[in-house]
Amino acid sequence: WLKLHSCCNPHLAVQLHGAHCPILVDLPLRMSRFLAVTAALASGAVGKEFLAVSDWVGLIEGAECSSAGGITCEWRGAWRHFKFPSGEFTVSRQVSVPARTIIEGNANPNGNDKTKAPDYSSQTVFVASGGLSDSNACYCQNLERSWEPLSPSNPYHCQDLTNEEVKSLRKGFLMYSNTIVKNIAFQGKDTLRPFDNGALCGGGVFETPGCVHNQCLFPHLMTGDGKPATNVAIENVRLNDYSNNPELASQLAVWVAQTSDTETPTSEVHVKNLVAMFLHADGINFHGFVRNAIVDDSYIQNTGDDIYAVWGSNFDSKGIVFQNSVAVDAGRARQNHYGSCVAVYGATEATFRNLTCFAPEQNTVDCYDAKDDGDTCNGCLGIIKESFDADYSNSVFTFTGNKFYSLKRTETNGRQIYDLTNPQNIGRPEVCNNEWTRGGLRIIED
């Protein structure tokens, strides 16, 4: 009882399932998890040391391969391999995952039916300690109207952002070169997308180092060392359905940040079997100079923006593949005011293969980008945009084997309920390119 009660200490960075303070969860949930952890303690499956862990972050961000509190570390050549037990681990800021580090949870949280939540008593769950609820928060230092130039009537939203504040806002994992995170769940606690992140600058559960501002306008603001990463793997992860509160989520699932190094790409980013049930902004966004990145066997629903995005601007980004994945209800978190299953904002080459898109009615009334009857609001499966200095003068995009279906949706107590059975073709274009007219762009459709 003393050990269990100690988990109500707010200073501890890890809590066992069932060992929450009474004010944090409702009684039925608390009782079910209490019974689960009691059984684990009785069987010896959970050691006493695990209950006392207070700094798992220090283990990861340090240089040693140390084991503590049920978290084990083994050297695998030059790599550190951390294995986490089932339980709940608090994330109070963005955690750096140093080079040659593996973080592995207890079990794969995703089954054959990716829409079905796992039995969380056997999962490793990282939970944000808090979240953003101030729509006017300083987040990127964007212009108040990012689509217009700087002027006295269009100033920056703020100019006092610090790297420490950025780290505090972006609760999740910052992936350096040669890193792997697998077999974990994550629960964000943001309740909204702030105005200053309207022109997206990050907030992913998983990010790579780079500029805080999406065009690198403030050199002193960066995540980590700000340098391009290579060989990053994210596998078997599940986001934002651990909480009973349907308003809580992260900004994005994966954000590859633009860096100030215009000669070296962020490369070899591999995402496999990622499931995200709610996000305030994009799903996965490869931003800036990116090469050889792949997303495979993933499922993302209920976003506030595009689900699978390439934002290469005028960089020579290529070798990018999104395949064998599902996108559901892009833009729902912002009332379908903007969002597509697939979006491209500049790149040299990318392939979109065997994707299944479920889209609501096209918003032709009040889409934030009203051009072409609001085709950026689910008018097409994939959209090619000229925004953000996109250059398609020598670009090839391949769309093959994709399916585009009408969405059947209901809402209960703020939670989206989707019926993906017996899908019907939506009857809208697979790809829309109504902006680039300067030649050089090839779109291959089967």
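Add 431 to the 1-based position in the sequence shown for our numbering, that's all there is to it. The beta-carbon is built from N, C-alpha and C at its ideal position, and this holds for glycine as well. If you're wondering where the values come from, they're calculated on a predicted model, not measured in any experiment.
Starting from the C-beta of residue i, find all residues in its chain whose C-beta is less than 8 Å away, skip the five residues before and the five after it, and write them out in chain order.
| i | result |
| --- | --- |
| ASN865 | LYS802, ASP803 and ASP806 |
| GLY542 | PRO549 |
| ILE875 | VAL827, PHE828, THR829, PHE830 and THR831 |
| ASP457 | At ASP457 the pLDDT is 39, less than 50, meaning the model places this residue with poor confidence and gives no usable figure here. |
So, at 6 Å on beta carbons, what are the nonlocal neighbours of residue i in its own chain, with the 5 sequence-adjacent residues on each side left out?
| i | result |
| --- | --- |
| VAL597 | VAL643 |
| PRO854 | TYR836 |
| VAL775 | VAL741 and ILE815 |
| PHE481 | No answer about PHE481 holds up, because its pLDDT of 40 lies below 50 and its placement is not dependable. |
Give a yes or no on whether the C-beta atoms belonging to residue i and residue j are separated by under 7 Å.
| i | j | result |
| --- | --- | --- |
| VAL702 | VAL721 | no |
| PHE717 | VAL687 | yes |
| GLN689 | GLY641 | yes |
| MET606 | THR639 | yes |
| VAL528 | THR661 | no |
| ALA559 | VAL526 | no |
| ASP723 | ASN667 | Residue 723 is actually Asn in this sequence, not Asp. Taking 7 Å as the Cβ cut-off, ASN723 and ASN667 do not qualify as a contacting pair. |
| SER566 | GLY619 | no |
Which class does residue i belong to by DSSP, given the choice of helix, strand or coil?
| i | result |
| --- | --- |
| SER878 | Coverage of the chain is limited to positions 432 through 877, which leaves residue 878 absent and any answer about it impossible. |
| TRP867 | coil |
| PHE626 | helix |
| ALA764 | helix |
| GLY536 | coil |
| TYR769 | coil |
| ASN667 | strand |
| LYS422 | The structure shown does not extend to residue 422, since the chain is modelled only from 432 through 877, so no value can be given for it. |
| GLY641 | strand |
Do you know whose CA, among the options, lies nearest residue i's CA?
| i | options | result |
| --- | --- | --- |
| SER674 | PHE835, ALA790 and TYR551 | TYR551 |
| TRP487 | ILE534, ALA509 and TRP506 | ILE534 |
| VAL827 | GLU780, LYS816, TYR799 and ALA790 | GLU780 |
| VAL500 | ASP797, ASN543 and GLY489 | Looking at the sequence itself, residue 500 is Gly, so the reference to Val does not match. Minimum Cα distance to GLY500 is reached at GLY489. |
| PHE557 | VAL612, GLU595 and TYR607 | VAL612 |
| SER818 | ASN755, ASN745 and THR831 | ASN745 |
| VAL418 | ILE725, GLY719, ASP713 and GLY714 | In this structure the chain extends from 432 to 877, so residue 418 is not present and cannot be described. |
| LYS602 | THR693, GLY635 and ARG859 | GLY635 |
| TYR799 | ASP736, GLN754, CYS772 and THR782 | ASP736 |
| VAL862 | CYS788, THR852, PHE637 and VAL796 | CYS788 |
| GLU842 | ASN704, CYS496 and PRO677 | PRO677 |
| LEU563 | ASN628, THR593 and SER691 | ASN628 |
| ASN767 | PHE637, HIS711 and LEU683 | HIS711 |
| LYS749 | SER771, SER698 and GLN847 | SER698 |
In the DSSP output, which residue or residues are listed as bridge partners for residue i?
| i | result |
| --- | --- |
| PHE557 | PHE520 and PHE617 |
| GLU678 | None, per the DSSP bridge assignment. |
| SER698 | THR661 and ARG722 |
| GLN754 | ASP727 and ARG784 |
| ILE715 | VAL685 and TYR739 |
Once the 5 residues before and after residue i are set aside, which same chain residues still bring their CB inside 7 Å of it?
| i | result |
| --- | --- |
| SER599 | ARG524 |
| ILE857 | ALA790, PHE835, TYR836 and SER837 |
| GLY478 | Low local confidence applies: a pLDDT of 38 at GLY478 is under 50, so the model's placement there is unreliable, with the coordinate-based value given in what follows. Cβ neighbours of GLY478 beyond the five flanking positions: GLY501. |
| ILE454 | A caution first: ILE454 carries a pLDDT of 33, below 50, which makes its placement in the model unreliable, though a value can still be read off. Closer than 7 Å at Cβ, skipping near neighbours: no residue. |
Taking Cβ positions only, does residue i come closer than 7 Å to chain D?
| i | result |
| --- | --- |
| HIS588 | No chain D is present in this structure, which holds just one protein chain. |
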